[in-house]
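Per the numbering used here, the sequence shown starts with residue 319, numbered consecutively.
To keep things clear, I will list the structure first and then write my remarks on it.
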Amino acid sequence: MLFRSDPSRLSHFHEVQGDLTRVPCHAANRAARADAAIADDHPITRMVADASVELDTDPDVGGALPEGDLALDGVPADLAAAVSTLVAVAGEAMETRDGAFEQLTAARTSRVFDLAADTWLPGGAALDPDDADEGTLFDAAQPGRTELLEGGIRMAQVVDEIDWEQFAGLDVSATVETDLGLVLLRGPGADVYDPSEDPQLDEPILLIVDTGGDDVYRVPAGASNDASHPIGVAVDLGGSDTYGYVEVPTDFDDPALLPADDAGRTTSLDGYGAISRSTVPRQGAGVTGYGLLLDLGGADDTYQSLRISQGFAAWGVGVLWDDGGDDTYLGEAGVQGAAWGGVALAYDGGGNDTRRAYSIAQAHGFVLGSGTLYDAGGDDSYELVVNEMLLYYSSQTPTTGNASMGQGCAFGWRRDASGNHYSGGLALLRDVSGDDTYEASTFAQGVGYWMGTGELVDSAGNDTYDGLFYTAGSGAHFAIGALLDADGDDAYGTRYLATHSVVGLAHDFSVAVLVDGGGNDTWRGVDRSLGASKCHGLGLLVDRAGDDSYTSNHERSIGWATDYDGAQGSCDDRSDLPTYGLFVD
């Protein structure tokens with residue numbers, strides 16, 4: 319059976335999937351547009367607006383900003399004017415968001431917030447696309463999608479247009495209550511934002527502006543608070559800052575796990591480990607609203623959160639923007655550029671960065687979502703924990719690796735029980751330069767699943783890519799996957815042995831492409847790898863130049879293809895379309 323359409327299918331999909339030559343071009347063009355956006359004088363606005371258009375919306379962008387009338391006694395005039403304008407724009411965005419949800423769904427916004435915050439939490443409640451009220455949220459043609467994203471674009475515009483640098487080091491202290499939440503202005507000291515020390519910080523926070531210092535944030539900085547206070551912005555203008563949360567010890571504490579918050583962990587689910595049950599958006603998360611965290615000043619910062627954080631969106635816009643430094647990003651799931659029904663952006667301006675998570679992270683696009691992770695340079699480490707501890711069940715690697723679903727992974731919702739399927743979104747991991755390492759288990763590194771389009775574009779450096787199953791430019795079940803590496807002496811699959819189906823592997827009507835532009839590369843293949851295909855897939859591996867080394871432990875690699883896969887059962891009863899595996903050196 320061919321799944322010709324569903325409510326969430328994006329317009330680009332069939333045009334790109336139907337022409338092999340368009341797949342690498344699509345990935346390269348998206349990376350080029352992201353590069354141009356970053357160089358723009360409104361980089362956040364343009365990144366969010368471009369992603370919104372890719373999600374088949376037609377947003378209005380720009381326009382004069384209001385002056386605002388917030389009273390800020392004792393605050394320097396220029397800062398007071400900037401803050402007052404931002405609060406006024408937040409009011410506009412709130413009205414836009416409310417109007418969007420009136421069109422999007424009959425379900426109460428509070429219900430959507432609660433269930434969206436449970437996104438990807440195994441065993442938790444979830445929005446039901448088959449429900450009459452909630453199902454319209456999954457419909458790409460439903461009115462209100464454009465307006466929802468317009469509110470986030472407007473918030474991006476105001477943070478882009480304020481000259482934050484002029485306020486760095488300013489001595490200021492003020493706390494103001496507004497209908498949308500607290501406004502906190504703090505100076506260059508080493509501030510600690512901890513609700514256990516200051517109970518007022520338990521209230522919803524609309525805006526934090528901290529002008530410098532080595533600060534500690536144990537509040538959900540720059541994130542949606544709740545359905546009634548869905549906008550949060552935080553701007554830190556200097557210092558080596560630590561972003562975290564109030565930690566609560568549990569019986570499951572382990573060096574491989576982040577400390578729990580007050581939601582704890584659970585082992586009550588078959589096949590899953592002691593997963594976090596946290597449902598608090600943090601650190602640039604927009605859940606039914608808009609969350610923006612900007613850390614400026616270029617110092618070495620640490621970000622630690624459990625779920626739905628660090629550039630996350632669920633029916634909203636979430637942005638984490640760090641302008642540079644040797645930064646550390648730690649999370650568990652739904653972090654570092656992950657989106658469902660909205661736009662998520664995690665940006666780092668350069669430095670030798672470390673990223674670690676377990677699942678659904680480092681550029682993930684679920685249904686009607688665009689998830690982007692952009693790193694401007696440096697020797698970076700991207701880790702989706704393979705098997706140091708098994709938390710997130712994978713049917714492909716149930717005893718050997720977690721379900722990674724990241725590093726440029728776009729995933730759809732395959733619902734065989736009801737037959738109501740929902741196409742995946744868009745994911746892009748863009749790394750401009752540096753000697754980078756990519757490590758994951760299953761579904762990662764430019765991979766698509768179920769009408770999703772997942773892409774990883776790395777321009778320069780001596781990079782390494784390792785994964786167990788469906789990684790490095792792969793696709794499964796009617797999907798698009800692409801990995802482009804422009805230059806450098808790269809290594810694929812050399813640090814540990816994959817299971818199978820990696821490195822330019824296409825399965826079941828998918829199109830998957832891996833193009834390496836140059837350098838003396840090392841390739842190690844396994845069963846179904848290195849430009850291989852099965853079940854009417856179309857897989858392509860191109861190594862354009864260099865003195866390269868290819869080895870494989872299995873004959874089903876290096877351009878192998880079949881219409882029958884004994885491990886999966888017969889595929890050729892569904893179509894007379896051929897299967898192609900293409901290897902070009």
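Don't be surprised by glycine CBs; every beta carbon is placed ideally from N, CA and C.
Please read all numbers here as calculations on a predicted model, not as lab measurements.
The C-beta separation of residue 822 from residue 779 comes to about 20 angstroms, leaving the pair out of contact by the 8 angstroms criterion.
Residue environment for residue 392: exposed (fewer than 16 other C-beta atoms within 10 angstroms of its C-beta). Within the same chain, Cβ atoms closer than 7 angstroms to the Cβ of residue 543 are found at 499, 522, 523, 550, the five residues on either side in sequence being excluded. When secondary structure is reduced to three states using DSSP, residue 628 falls in the coil class, being assigned neither helix nor strand.
In the displayed model, residue 866 falls within coil according to three-state DSSP, outside both helix and strand. Listed in chain order, the non-local C-beta contacts of residue 443 below 6 angstroms within the same chain comprise 433, 436, local neighbours out to five positions each way being set aside. Distance from the CA of residue 398 to the CA of residue 374, rounded to the nearest whole angstrom, comes to 37 angstroms. Separation of residue 731 and residue 486 (C-alpha to C-alpha, rounded to the nearest whole angstrom) is 45 angstroms.
Inclusion of residue 770 and residue 806 in the CB contact set at 8 angstroms is not warranted, their separation being larger than that value.
Boundaries around residue 857 are those of the beta strand (DSSP E), 856-861, since no alpha helix (DSSP H) includes it. The beta carbon of residue 785 sits closer than 7 angstroms to those of 758, 759, 762, 763, 816, 820, all from its chain and outside the five residues before and after it, given in chain order. Fully enclosed beta strand (DSSP E) runs of no fewer than 3 residues occupy 549-554 of the segment 543-603, in order along the chain. In the DSSP assignment, residue 823 falls within the beta strand (DSSP E) that extends over 823-825.
One thing to note: residue 658 has its Cβ no nearer than 8 angstroms to the Cβ of residue 637.
The C-beta separation of residue 448 from residue 425 comes to about 13 angstroms, leaving the pair out of contact by the 8 angstroms criterion. Judged by DSSP in its simplified three-state form, residue 391 adopts coil rather than helix or strand. Annotation for residue 853: no beta strand (DSSP E) segment contains it, and DSSP assigns it neither H nor E. Residue 431 sits close to residue 605, with the two beta carbons spaced by under 8 angstroms. Under the three-state reduction of DSSP, residue 362 is assigned to helix. In the same chain as residue 678, and ignoring 5 residues on each side of it, the C-beta atoms closer than 7 angstroms to its own belong to 438, 651, 652, 656, 723, 724, in chain order.
Between residue 554 and residue 738, the alpha-carbon positions lie close to 44 angstroms from each other. Contact between the segment 864-877 and the segment 834-842 is present: three or more C-beta pairs spanning the two stretches fall below 8 angstroms. The beta carbons of residue 860 and residue 902 sit closer together than 8 angstroms. Residue 404 sits in a helix when the DSSP states are folded into three classes.
Contact annotation, residue 475 with residue 380: C-beta distance approximately 7 angstroms; criterion of less than 8 angstroms satisfied.
Comparing alpha-carbon positions, the option among 812, 563, 824 lying closest to residue 801 turns out to be 824. Annotation for residue 688: no alpha helix (DSSP H) segment contains it, though the beta strand (DSSP E) segment containing it runs 688-693.
Put simply, of 352, 834, 348, 579 the residue whose alpha carbon is nearest the alpha carbon of residue 599 is 579.
Under the three-state reduction of DSSP output, residue 622 falls in the strand class.
Residue 368 has its alpha-carbon roughly 14 angstroms from the corresponding atom of residue 469. Taking the Cα positions, residue 402 is about 35 angstroms away from residue 745.
Our two residues, residue 633 and residue 603, have alpha carbons roughly 11 angstroms apart in a direct line. DSSP places residue 471 within a helical segment (H, G or I) once states are collapsed to three. Linking residue 791 to residue 749 through their CA atoms gives a straight-line distance of about 15 angstroms. Counted as a single uninterrupted DSSP element, the beta strand (DSSP E) harbouring residue 523 occupies residues 523-528. In the DSSP assignment, residue 818 falls within the beta strand (DSSP E) that extends over 818-820.
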